[in-house]
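Here the protein sequences come in this chain order: D and X. Just so we're aligned, residue 362 is where the first sequence starts under our numbering, counting upward by one. Just so we're aligned, residue 75 is where the second sequence starts under our numbering, counting upward by one. Notes follow the structure.
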Amino acid sequence: MEARRKKSPLPWLKPAVLTGSLVPVAAILERAWRDDLGPDPIAQALNQLGLIALVFLVAALGCTPLKTIFGWTWPMRIRRMLGLLAFFYALLHVITYTVLDQGLDWNAIVDDVVKRKFIFLGFSTFVLLIPLAATSTNSALRRLGYVRWKQLHRLAYLAPALAVLHFTLKVKRDETEPLTYGLVLAALLTARLIEYMGADRALLTREI
Amino acid sequence: MSDIGIIPPTSEITPERVYLQRREFIKNSLLFAATSSGVGSTLLWLMRGLRAKDHEKTAKAPATGAPDDDSALTVAQHYDYASGEKNTSYNDVTNYNNFYEFGTDKSDPAANADSLRPRPWHVAIDGAVARPQVFEVDQLIKSFPLEERIYRMRCVEAWSMVIPWVGFPLGDLLKRVEPTSRAKYVAFKSLLDPQQMPGQRTDLLQWPYVEGLRIDEAMHPLTILAVGLYGKRLPNQDGAPIRLVVPWKYGFKGIKSIVNISLTAEQPPTSWNIAAADEYGFYANVNPAVDHPRWSQATERRIGEYHRRPTLPFNGYGDQVASLYTGMDLRTFF
């Protein structure tokens, strides 16, 4: 039984996570259709899409710690998908901002990105995600070579940190929610750091 | 062998391989359903953030009441100071606003303001006045002819509304208590009662909420104390029973649920200025040329509209009020 489960590729896992992950966008569209996004629907959609993008950025970063701490391998199977979902929601967030919120007024948008720290941080996060999404395929990994690919994908640590700052600077006063994400992120980064240092030490002792 | 009856032809026996596949298929289907719904509902829960409860509550928002409703006010005069622009719906005015005493989300006031008891209520007026007084709020309301004033309301967060307030000029009340020559400013204070205002159990702002105006701003005929909107008493979430409305300033100047008005010689402290002095000034005049440090004030979204519109200097009341600020650098005194 144990052996069989290990061999099983969990065929349901990816389709199930993907289906569940598309619920937010479906819910937002459905609420927009019913005119149920509140008095300021564009702001509501914008905030919720951004939030879900952050959730996926953090979730993608949680996969490796889940493997090292609990020995689970299934998170690694969906890590790439989680990263791509983060990019998908970030893209929808950016489209909502540029098209719906700003009405493609490029002067106002450039002004916003250059002058407002929080929009600059959000914009930077999105820009960082573009090369990650673009090199997410197996063939891109082969083309780049594993070492360079891995170096590039370290940006996955920076992106959610910038996103949390973007969220924190955006709120007027109550920073509970962005700081909660910041805390989760800090825990995940710490877990990675400990693991990294542990690996270093293991390597060291082996060499001696 | 004959006991077990007719033996099915071998063609009808499910092969073991298929039988196992079917079990596998059912198992996988169940795991798919559980995982996808688990992921989906977790995300929906996170989307609602810390505000899960509000959604159902706001749904029961009051509709525009009948005119014979006991909260209806007798209005003597009607003035449209919003150039005939369409009023924001009663539902949006009463379900989308900031009133941190009831939570930080804009749907929180409507959801949580039930705990406020706007009657009985007293408003004390003191400080540099010849005749300090404590008014019972209904007596106070009865002693002035009420006017409907349709004003634009511009929030510092870059959204706006058009609201048909009912109230009376603050100046008329101040004249009644006879300010002395020492009275240079007017300080306002909201109710302090964490029982009625659960948001006051947090330290997001210093409580009670305080606001202030220069005496000439307070005496300006556009400055009113509002006691109603849409011809009816103020709902709790909009600052019942009495609040300030200064239409050329950002909405946070419009202090709600006032219990004290004091005339002072010195400029009084104001809540948002205490919280973040570099972001919220004492004057807080609507000014598209002076951005909030974190966002632009050049445009705004009128609630109910799709496209942003340019923000007007003094929220469009420049003809009436710009002269109050002659010679002042409005970048310094933002």
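Glycine is no exception: its CB is placed at the ideal position from the N, C-alpha and C atoms. Predicted, not measured: the structure shown is a model, and the values here were computed from it.
C-alpha distance - residue i paired with residue j, whole-angstrom precision
i              : j              : result
residue 510(D) : residue 559(D) : 23 Å
residue 375(D) : residue 439(D) : 6 Å
residue 331(X) : residue 416(D) : 38 Å
residue 163(X) : residue 529(D) : 31 Å
residue 427(D) : residue 549(D) : 10 Å
residue 388(X) : residue 445(D) : 46 Å
residue 202(X) : residue 540(D) : 45 Å
residue 140(X) : residue 112(X) : Its pLDDT being 43, under 50, residue 140(X) is placed unreliably in this model, and the coordinates cannot settle the point.
residue 508(D) : residue 357(X) : 57 Å
residue 219(X) : residue 464(D) : 45 Å
residue 226(X) : residue 431(D) : 58 Å
residue 492(D) : residue 396(X) : 51 Å
residue 262(X) : residue 293(X) : 14 Å
residue 423(D) : residue 435(D) : 12 Å
residue 382(X) : residue 383(D) : 29 Å
residue 122(X) : residue 102(X) : 30 Å
residue 108(X) : residue 224(X) : 53 Å
residue 94(X)  : residue 88(X)  : 10 Å
residue 335(X) : residue 321(X) : 19 Å
residue 210(X) : residue 217(X) : 11 Å
residue 454(D) : residue 327(X) : 32 Å
residue 178(X) : residue 343(X) : 22 Å
residue 483(D) : residue 527(D) : 5 Å
residue 447(D) : residue 429(D) : 23 Å
residue 533(D) : residue 259(X) : 27 Å
residue 236(X) : residue 360(X) : 15 Å
residue 437(D) : residue 425(D) : 7 Å
residue 341(X) : residue 285(X) : 10 Å
Cβ-based neighbour list, residue i, same chain, cut-off 6 Å, excluding 5 preceding and 5 following
i              : result
residue 451(D) : 414, 487, 490
residue 390(D) : none
residue 187(X) : 176, 310, 311
residue 232(X) : 374
residue 127(X) : Reliability fails at residue 127(X), whose pLDDT of 44 lies under 50, so the model's placement of it is uncertain and the value that follows must be treated cautiously. Nothing meets the Cβ criterion.
residue 384(X) : 373
residue 501(D) : none
residue 364(X) : 405, 408
residue 195(X) : 211, 315
residue 297(X) : 244, 320
7 Å Cβ shell around residue i - same chain, five flanking residues per side excluded
i              : result
residue 480(D) : 473, 474
residue 308(X) : 300, 301, 302, 314, 315, 317
residue 366(X) : 230, 353
residue 390(X) : 226
residue 379(D) : 442
residue 150(X) : 219, 220, 221
residue 369(X) : 232
Residue i - containing alpha helix (DSSP H), residue span
i              : result
residue 521(D) : 516-531
residue 80(X)  : Unbroken run through residue 80(X): none, as it is neither H nor E.
residue 423(D) : 402-431
residue 486(D) : 478-495
residue 395(X) : 392-395
residue 100(X) : 90-122
residue 534(D) : It is not in any alpha helix (DSSP H) - residue 534(D) carries neither H nor E in the DSSP assignment.
residue 499(D) : 499-505
Where the beta strand (DSSP E) containing residue i begins and where it ends
i              : result
residue 234(X) : 233-243
residue 264(X) : 259-264
residue 380(D) : No beta strand (DSSP E) contains residue 380(D), which is instead part of the alpha helix (DSSP H) from 374-382.
Identity of the residues DSSP links to residue i by a beta bridge
i              : result
residue 151(X) : 221(X)
residue 384(X) : 373(X)
residue 253(X) : 203(X)
residue 441(D) : Per DSSP, none; premise fails for residue 441(D).
residue 227(X) : 235(X)
residue 366(X) : 369(X)
Closer than 7 Å: residue i CB and nearest the ligand NAD heavy atom
i              : result
residue 487(D) : Judged by which ligands are present, the structure shown has none, so any question about the ligand NAD falls away.
Sequence-distant residues of the same chain with beta carbon closer than 8 Å to residue i, five excluded per side
i              : result
residue 404(D) : 462
residue 407(X) : 355, 356, 357, 399
residue 257(X) : 201, 202, 203, 289, 337, 338, 339
residue 206(X) : 198, 199, 200, 251
Exercise. Report the residue ranges of all alpha helix (DSSP H) runs contained in full by the stretch 338-363 of chain X; include only those spanning at least 4 residues, in chain order.
Key: 345-349
Exercise. Only counting runs of 3 or more residues, tell me where the beta strand (DSSP E) segments fall wholly within the stretch 145-213 of chain X, in order along the chain.
Key: 151-154, 196-201, 207-210
Self-check item: 4-residue-minimum alpha helix (DSSP H) runs that sit fully inside the stretch 273-346 of chain X, ordered along the chain
Solution: 289-293
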